[in-house]
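A short worksheet on the structure shown next.
Residue numbers (our numbering), protein chains in the order written: chain A, 1 to 297; chain B, 298 to 594.
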């Protein structure tokens, strides 16, 4: 297939781009003008977007993909006023330009990424009920409303993968593993929340696996199909338990003062356990993925 | 009350601004820099927004409204690629800036406007199910997702009025009444669709009445309440029947060739009949409103 990928310069997008090229697909990466493309997989055709709707349409029409993997996203855990324009720009304006360019070019299949944070809480009989943790999550939900227009009016087929936390090689984000690596190296003591929040981690290879399944599913779906499915790690654990696992796997000491910081506003204490993508299962157990990761560092 | 109004330079917003000032409220109109403010009600304090989140926050914090009436909107019946950026800008970015500015200023009540076009079709047991007619309608639905974040995370109280078509004095939009006025004056023959689409019209005075009811309701609601309600004309009629009514009320001849044009894509043949705003009823019958309107022209 010919696949157009957004967000290919990022952690998850970079792994997806590489995985799709490994599978033999012809891949193109849409990047903004001025982006650092040095980390992009060299097999990807680089398409530089000037920011306009017309410009994006020309790129999509020129590459003629069979499907789009829309991974570009602006993430903010707790937004500040200055984050609003970038959130709207990345998660809604660019996405809408993309959907429109696809529709005008006859490209009718998209896999995009939502977040478990669209579901701060849900009832068992309504696993997809929308209760956002953050404004970031709200922009993800809003994008799904734009997708629905293109699905119902133009026949777009769309599959949204709602991710929880991810980890893996090459992750430069300031996430918990990076934090633990840092304090184990420096010997500093870290003040943390009480640590009873339960969460899960997906290895990025498993996310790439989910994209493979999603791609097969969305390109076989009838016109107008809109679906969303969860992708998450199997091991549900508290932050305290995770730190203990890190100690065991790495043999490193990490010094944490639990309870010295409050939980953040709308801290997710129990993760969303919505329906998993059919036909996909985690392949990388957390202990194994973590061991491989720290062996690399 | 102190009321901050967006869209006060427009048709509906102008009538709402005047109506709120008539009721004795202190009103302020947020306008973009460079806007024509000559038609704004002179009792309104004019607040010029520079387009930034911080700039809007300063205006909201300075005026300290008790509630916001968010009427500014970009409407496009059938969008072209060039409409995407303006749709996102007006209906999502500006709205999100406004919600954030309110949240930071402790302003916790908003009345905003949705559209019956969020519901191309619905089932009786799910009158609010989302099926957009147009991308415009999709941006309206998307904005409701942003509202939900501010409601659940920050205690915002929000009431969305979903309007059908509106009419009344001072309407400069290219709507059906303006069209009929034009061809009755020029004597030209107008090619139209078969004309069997059923619709309804609300007089703008009734919309202002609905805003009064909504304002009382939203400011009495518990923190975090999110509601949406329909506001529509009581007389459901086909376009053909409406043209006949126009002839009767005005005594004017209008020459129409029915069926010379196709229905447009996703023409709404049956209007959404979702639940009406409690405590509100139409006061201006269509025949009466139309007679008053054409007497003015």
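Using N, Cα and C, we set each Cβ at its ideal position, and we do this for glycine too. Because the structure is a prediction, the values reported are computed rather than measured.
- In the DSSP assignment, residue 462 of chain B falls within the beta strand (DSSP E) that extends over 462-464.
- Measuring C-alpha to C-alpha distances from residue 493 of chain B to each of B:517, B:357, B:537, B:352 identifies B:537 as the nearest.
- Between the alpha carbons of residue 274 of chain A and residue 127 of chain A lies a gap of roughly 5 Å.
- Comparing alpha carbon positions, the residue from B:358, B:304, B:585, B:374 closest to residue 429 of chain B is B:374.
- In the structure shown, residue 311 of chain B adopts helical secondary structure according to DSSP, grouped into three states.
- Counted as a single uninterrupted DSSP element, the beta strand (DSSP E) harbouring residue 487 of chain B occupies residues 486-488.
- Residue pairing for residue 526 of chain B: DSSP places it in a beta bridge opposite B:458.
- At a cut-off of 8 Å between beta-carbon atoms, residue 167 of chain A makes no contact with chain B.
- The continuous stretches of alpha helix (DSSP H) do not include residue 2 of chain A, which lies in the beta strand (DSSP E) extending over residues 2-6.
- Residue 140 of chain A and residue 168 of chain A have their C-alpha atoms roughly 23 Å apart.
- Residue range 406-412 is occupied by the beta strand (DSSP E) that includes residue 407 of chain B.
- For residue 477 of chain B, the three-state secondary structure derived from DSSP is helix.
- A Cβ-Cβ distance of about 6 Å is found for the pair residue 104 of chain A and residue 57 of chain A, placing them in contact under the 8 Å criterion.
- For residue 380 of chain B, the CB contacts under 6 Å within the same chain, skipping 5 residues up- and downstream, are 373 in chain order.
- The alpha-carbon separation between residue 542 of chain B and residue 467 of chain B amounts to approximately 21 Å.
- Counting along the chain, residue 257 of chain A sits inside the beta strand (DSSP E) bounded by residues 255-257.
- Here residue 519 of chain B is exposed, its C-beta having fewer than 16 other C-beta atoms within 10 Å.
- At a cut-off of 8 Å between beta carbons, residue 491 of chain B makes no contact with chain A.
- Using a Cβ distance threshold of 8 Å, residue 207 of chain A and residue 231 of chain A count as a contacting pair.
- Contact residues of the segment 434-450 of chain B toward chain A are 435, 438, 439, 442, 443, 445, 446, 449, 450 (C-beta to C-beta distance below 7 Å).
- Residue 110 of chain A has a beta carbon lying at 8 Å or more from every beta carbon in chain B.
- Counting every other CB atom within 10 Å of its CB across the protein chains shown gives residue 162 of chain A a total of 16 or more, marking it as buried.
- Going by beta carbons, residue 549 of chain B and residue 481 of chain B fall inside the 8 Å limit.
- For secondary structure counted as the alpha helix (DSSP H) over 4 or more consecutive residues, the segment 73-149 of chain A holds these complete runs in sequence order: 84-88, 94-105.
- What residue 381 of chain B touches in chain A, judged by beta-carbon distance under 8 Å, is 53, 93, 96, 97, 100, going in chain order.
- Listed in chain order, the non-local C-beta contacts of residue 294 of chain A below 6 Å within the same chain comprise 250, local neighbours out to five positions each way being set aside.
- Residue environment for residue 441 of chain B: buried (at least 16 other C-beta atoms within 10 angstroms of its C-beta).
- Among the bridge pairs identified by DSSP, residue 323 of chain B is matched with B:299.
- Restricting attention to B:562, B:557, B:582, the CA atom closest to the CA of residue 530 of chain B is found in B:582.
- Proximity of residue 71 of chain A to chain B, defined by a Cβ-Cβ separation below 8 Å, is not satisfied.
- For a cut-off of 8 Å, the C-beta gap from residue 471 of chain B to residue 558 of chain B is around 15 Å, too long to register as a contact.
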